[in-house]
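For the record, in the sequence shown the residue sitting at position 99 is 253 according to the numbering used here, with numbers rising by one throughout.
Backbone N, C-alpha and C define an ideal beta-carbon position, used for all residues, glycine too.
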Amino acid sequence: MIPPDALEAAVAEVLAGTQVIDIHTHLFAPGFRGLGLWGIDHLLTYHYLEAELFRFSPIRPEHYWALDIAQRADLIWKTLFVENAPISEATRGVVAVLHELGLDTSARTLEPYRAYFREQNLPDHITRVFRLAGIESVVMTNDPLDPEESPLWDSVTPDARFHASLRLDRLLNQETGHTPAEARRFLESWARRRRAVYMAVSLPDSFQFPAPDRRNQLLTEAVLPACRDLNIPLSLMIGVRRQVNPALRLAGDASARADLRSIETLCREFPGNRFLVSVLSRENQHELCVYARKFGNLMPFGCWWFLNNPSMVEEITRERLEMLGTSFIPQHSDARILEQVIYKWRNTRRTLAPVLANAYRLLTEDGRGITRGDIERDLNRLFRTNFEELCLSGANPSRNRPPPASSA
Ligand code: FIX
Ligand code: ZN
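1. Using three-state DSSP, classify Arg348 as helix, strand or coil.
2. Quick one: Cα of Gln439 to Cα of Ala410, how far?
3. With burial defined as no fewer than 16 other Cβ atoms inside 10 Å of the residue's Cβ, what is the status of Val394: buried or exposed?
4. Would you identify the three-state DSSP class for Asn540, choosing helix, strand or coil?
5. For Lys448, does the count of other Cβ atoms within 10 angstroms reach 16, so buried, or fall short, so exposed?
6. Just to confirm, are Val292 and Thr179 a CB contact at a threshold of 8 Å?
7. With a floor of 3 residues, list each beta strand (DSSP E) that falls wholly inside the region 425–476, ordered by position along the chain.
8. If you count every other CB in all the chains shown that lies within 10 Å of the CB of Val168, and 16 or more means buried, which is it?
9. I'd like the list of long-range same chain contacts for Leu257, defined as Cβ closer than 8 Å, with 5 residues on each side in sequence excluded.
10. In three-state terms, what does DSSP make of Val165?
11. Am I right that Gly450 and Ser432 are in contact with their C-beta atoms under 8 Å? What's the rounded C-beta distance?
12. Is it true that the CB of Leu203 sits closer than 8 Å to the CB of Thr245?
13. Might you give, ordered along the chain, the residues of its own chain that have their beta carbon closer than 8 Å to the beta carbon of Val398, omitting 5 neighbours on each side?
14. From which residue to which residue does the beta strand (DSSP E) around Ser319 run?
15. Please list the terminal residues of the continuous beta strand (DSSP E) segment that includes Asp176.
16. Is the separation between the beta-carbon of Ala350 and that of Ser319 shorter than 8 Å?
17. In the region 244–309, which residue ranges form an unbroken beta strand (DSSP E) of at least 3 residues, counting only runs that do not cross its ends?
18. Pick out every residue whose C-beta is nearer than 5 Å to a heavy atom of the ligand FIX: which are they, in chain order?
19. For the region 357–377 and the region 299–314, state whether three or more C-beta atom pairs, one from each stretch, are separated by less than 8 Å.
20. When every heavy atom of the ligand ZN is checked, does at least one fall within less than 7 Å of the C-beta of Thr295?
21. For Pro277, which option in Thr330, Phe186 and Phe541 has the closest C-alpha, if you only look at C-alpha atoms?
22. Buried or exposed, going by whether 16 or more other CB atoms sit within 10 Å of the CB of Pro558?
23. Pick out whichever of Arg403, Leu430, Arg285 and Asp413 has its Cα sitting closest to the Cα of Cys381.
24. Distance check for Arg503 and Ile175, CA to CA, integer angstroms please.
25. For Leu506, does the three-state DSSP call read helix, strand or coil?
26. Between the Cα of Asp413 and the Cα atoms of Ile386, Ser435 and Glu469, which residue gives the shortest distance?
27. Would you decide whether Ala489 is buried or exposed? Buried here means 16 or more other CB atoms lie within 10 Å of its CB.
28. Anyone know if the C-beta pair for Gly193 and Trp499 falls short of 8 Å?
29. Taking 8 Å as the cut-off, does the region 528–540 touch the region 280–287 (at least 3 CB pairs, one atom from each stretch)?
30. Measuring CA to CA, which of Ser356, Leu384 and Asn275 is closest to Ser547?
31. Could you tell me which uninterrupted beta strand (DSSP E) segments, each at least 3 residues in length, are contained entirely in the region 330–403, listed from first to last along the chain?
32. Start and end of the alpha helix (DSSP H) containing Ser416?
33. Relative to the alpha-carbon of Arg368, which residue among Val236, Glu342, Leu341 and Gly331 has its alpha-carbon at the smallest distance?
34. Give every residue of the same chain whose Cβ lies closer than 6 Å to the Cβ of Glu243, excluding the five residues on either side of it in the sequence, and list them in chain order.
35. Exposed or buried, Arg209, counting other C-beta atoms within 10 Å across all chains shown (16 or more means buried)?
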């Protein structure tokens, strides 16, 4: 049994050694030339930092967008890192990445960092970044209607560290001219060929199900039956208000509370489907846990986007542990730039260790001792097997992995 005052160190140690599966990112396998972003200029022009730039600099968005990427990165570095202390989550993240890569974090210009990244060979760099982040594999976001991405699939070498997922935003939100039957055939064939581990869509706070609209019809007649046939879940990311400030481009999206009765209806009316759900509004988190207690086919996941800050991750994870035990997936990185996985996963581990240790301490005080085996089993569930059982045990047996070697 682990003594109460040693629990936090034990959880941190097991967590450090748990190779996580990052279940939602915007990263790409190295074969998707040019689509996968990495390096200092992309790290600095991440849309989280662009939003912060416009709070600290008088530059007008149209002038910012007229700059090239190196000039934008220079401006962000000068404004947020040199003239101000980088204390926000997104700015601290860049500093943490540079530090973990062994670089001096106090340079006044970006030249030393650019020189470092120029020397990296991408495949080796990916291996090192995954090792530093403690991740085994990531799920990409693949839009089958993306004209840049689609042609690359035929020449890409499969890489077991990068799972495909079928992103439906364009298909569900744009008029593509497909009938539901055609859409269903298209989705099934794409998902089979690319071995998609789930289908996914982001939805506005105004999302309603049922509702007499085309998105509902496609969900009911194409997406849900295709997911059932393929035995993969549908991931719903709910509560984004796209482009409240279009001048900021990707940084111009916001969040709002959604009506989760739609989730209730979907889980109840489609018991043969499984749903991964992340909600963007803090106010929706508790009811998501309540619904997860009602429906075994609902798997809450992640602290998405504006929630991926230590204060929010701590609150949400404590609530989920209290209401769901280990039957949820605590986090995904949403990384858009490769090296971000280093700080996002480091911060997640740092926030989660005391939350989990506290739950164990309360148990210990009531006489139920905790062993290292308990901690290993729980963390393995939270960061690996909850996802593997939901997403990797689907129709395509070649995707299944052998069970992990059993630990003592
Ligand atoms: O819709 C999504 O997958 C969002 O995560 C992104 O589009 C968003 O811009 C983002 O990067 C959030 O972290
Ligand atoms: Zn995302």
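To lay it out plainly:
1. helix
2. 12 Å
3. buried
4. helix
5. exposed
6. yes
7. 429–433 and 452–454
8. buried
9. Pro266, Tyr267 and Tyr270
10. helix
11. Between Ser432 and Gly450 the Cβ distance is about 18 Å, and since that is not below 8 Å, they are no contact.
12. yes
13. Gly406, Asp407 and Ala408
14. Phe316 to Arg321
15. Val174 to Asp176
16. yes
17. 289–293
18. Ser356, Trp459 and Asp488
19. no
20. yes
21. Phe186
22. Reliability of the predicted coordinates at Pro558 is poor, the pLDDT of 36 falling under 50, and the value obtained from them is presented with this limitation in mind. Burial call: exposed.
23. Leu430
24. 13 Å
25. helix
26. Ser435
27. buried
28. no
29. no
30. Leu384
31. 350–357 and 388–392
32. Arg415 to Glu423
33. Gly331
34. Asn463
35. exposed
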